[in-house]
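Input: a single structure, listed below in structure tokens.
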Amino acid sequence: MATIEKFIKDIHPSETKWRVKVIVLEKGMPKTARNVAKRYQNLLLSDSQKTQIQATIYDDDIEKFQNTLTVHGCYYISNAYVKFTKLQYQVLGIPYEWVISSRSTLVEMCQRKISQCQLQ
Numbered sequence: 180m181a182t183i184e185k186f187i188k189d190i191h192p193s194e195t196k197w198r199v200k201v202i203v204l205e206k207g208m209p210k211t212a213r214n215v216a217k218r219y220q221n222l223l224l225s226d227s228q229k230t231q232i233q234a235t236i237y238d239d240d241i242e243k244f245q246n247t248l249t250v251h252g253c254y255y256i257s258n259a260y261v262k263f264t265k266l267q268y269q270v271l272g273i274p275y276e277w278v279i280s281s282r283s284t285l286v287e288m289c290q291r292k293i294s295q296c297q298l299q
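Under the working numbering, the very last position in the sequence shown is 299; numbers go up by exactly one each time.
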């Protein structure tokens, strides 16, 4: 089955074979979780409909994507794991987040500033 280009609002945990064109709006510094020995890094992504979602990268994948996912960079993202998020960790009222890992596919679309990058 072919990959279908969608928008952030169309992606939910049971969705498969999708890709979304996004801009990285924010990229937090890597942090260490309080109760487990796990590192994580949060990102805020937006699509052409201005819908936003939080994405998280964990542990060794943080270094893998260190120079790939840059603020204001445009990317096609596919094969991210979509998981439900506990209420206290929800951002923007969206009940799930994307986990970007070594299994995810990222293709950079442009290397210009956000105002010059066309998402449509």
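Beta carbons: idealized from backbone N, C-alpha and C, even for Gly.
According to the Cβ coordinates, are residue i and residue j closer than 8 Å?
i, j, result
"Ile-187", "Lys-196", "no"
"Lys-206", "Val-261", "no"
Look up residue i in the DSSP assignment and say whether it is helix, strand or coil.
i, result
"Lys-243", "helix"
"Gln-269", "coil"
When DSSP builds the beta bridges, which residues end up paired with residue i?
i, result
"Arg-198", "Glu-184, Ser-257"
Measure the C-alpha to C-alpha separation of residue i and residue j and round it to an integer number of angstroms.
i, j, result
"Val-270", "Ala-181", "31 Å"
"Gln-295", "Ala-212", "Note on Gln-295: pLDDT 46, under 50, position unreliable in the model; the coordinate value appears next. The straight-line gap from Cα to Cα measures roughly 36 Å."
"Ser-193", "Asn-258", "12 Å"
"Val-199", "Pro-209", "24 Å"
Among the candidates the options, whose CA atom is the shortest distance from the CA of residue i?
i, options, result
"Tyr-219", "Trp-277, Gly-252, Val-286, Ile-202", "Trp-277"
"Tyr-254", "His-191, Ala-216, Ser-283", "Ser-283"
Using a Cβ-Cβ distance under 8 Å, would residue i count as near chain B?
i, result
"Lys-188", "Within the model displayed, chain B is absent; a lone protein chain is all it includes."
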